[in-house]
Amino acid sequence: MDRYISYVTRYPRTLATALIIGYPIANVVYLHWSLSRTIQHGKESKRLTSALKKTISSIPEEAFSSDHVVVHDWAQRSIPASKVPDLSLDELIVLYLKHTMSQFSRLPQAYLLKTMADPEDRKTFEADYISTLDFKEGDLVHGIYRVIARSDGKVEFALKPLGVVKGSRLVVAIERKGDELVCSSETAMWKYAGEKGLMPLERRLMKWMHEIASWGSVEVWDEVFDGLEDGKSGNVTFSGGLRCGFASFLGVIFQVVE
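Mapped onto my numbering, the consecutive letters of the sequence shown carry residue numbers 550 to 807.
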């Protein structure tokens, strides 16, 4: 023991550096493990099939040819319908997206993304702008998410294709099943089959980070609705807010990394 105490007193800066670097890493590793145990999830890498059209209707027909391969994953959780306001699915998903997207706009990551956005798109980061959205087809959020398809309780976003990625979709949905509401997040990303370059979600680290973002965004659904009254936003905890922000931020990083 004296040996270890002596080391600490002799190299305090080394210890401090190790703690500063190690603690956040350990926290993120624990977060991934914790979410993996509480959120239903799945993933697959293969050629696009028509089965995917059942949940992501906006994928173009040409992407289903044998010329393309896809990375597809999903995450979902069920919450008691009694825990959310008595509103339509459409109203619930709009409230969820307004709240989480607005919260992300106040995080440091948003300022970085705003500097990367086209000048005319920078207003899409502002909370006042987001509060006016009903997330209809054509609406743009955070300069990168364009609503490309809309149905009751579901919003499909298209991200700008960059690098080897020919197209990608993010789908946020809520569905009523009996006495429960199923909240979900789904991602699809595709490229030409002969392309040797890797898509972000084909990279192990990027995929792992994406899982935290996707699973975390599903976990905070009930936090958003907790305390909702008369259509007003609920309160999301600090950690929940960071996860929502993390999800939005990584959506761009996955594209730009190539």
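Here a beta-carbon is modelled for each residue, glycine too, at the ideal position from N, C-alpha and C. This structure is a prediction, so every number in the text was calculated from the model and none was measured.
Spatial distance of residue i from residue j (CA atoms)
i	j	result
residue 588	residue 613	29 angstroms
residue 732	residue 738	21 angstroms
residue 725	residue 702	9 angstroms
residue 762	residue 623	12 angstroms
residue 683	residue 723	15 angstroms
residue 606	residue 599	10 angstroms
residue 736	residue 603	13 angstroms
residue 586	residue 578	13 angstroms
residue 765	residue 745	31 angstroms
residue 757	residue 645	24 angstroms
residue 617	residue 666	29 angstroms
residue 720	residue 709	15 angstroms
residue 608	residue 718	8 angstroms
residue 748	residue 611	19 angstroms
residue 773	residue 649	8 angstroms
residue 630	residue 729	5 angstroms
residue 727	residue 769	21 angstroms
residue 715	residue 601	17 angstroms
residue 641	residue 591	25 angstroms
residue 582	residue 711	30 angstroms
Option in the options with minimal Cα separation from residue i
i	options	result
residue 687	705, 637, 662	705
residue 504	627, 624, 637, 611	Nothing can be reported for residue 504: it is not among the residues displayed for the chain, which extend from 550 to 807.
residue 596	582, 621, 774, 583	621
residue 615	720, 743, 712, 708	743
residue 713	728, 754, 741, 752	741
residue 677	728, 654, 729, 727	654
Closer than 7 angstroms: residue i CB and nearest the ligand SAM heavy atom
i	result
residue 660	Ligands in the displayed structure: none, and consequently the ligand SAM is not present.
Beta-carbon contacts of residue i that lie in its chain and below 6 angstroms, excluding the five residues immediately before and after
i	result
residue 694	706
residue 771	628, 632
residue 663	671, 674
residue 593	621
residue 668	none
residue 661	none
Sequence-distant residues of the same chain with beta carbon closer than 7 angstroms to residue i, five excluded per side
i	result
residue 680	647, 651
residue 643	683, 684
residue 580	761
residue 639	701, 702
Per DSSP, the bridge partner or partners of residue i
i	result
residue 706	696, 719
residue 730	628, 725
residue 590	624
residue 737	621, 718
residue 747	Answer is none; residue 747 lacks a bridge partner.
residue 689	695
residue 493	The question about residue 493 has no answer here: the residues shown for the chain are numbered 550 through 807.
Proximal residues to residue i (C-beta, below 8 angstroms), its chain only, five neighbours per side dropped
i	result
residue 670	689, 692
residue 767	588, 624, 625, 626, 732, 733, 734
residue 750	620, 622, 736, 738, 756, 759, 803
residue 697	607, 686, 705, 706, 707, 718
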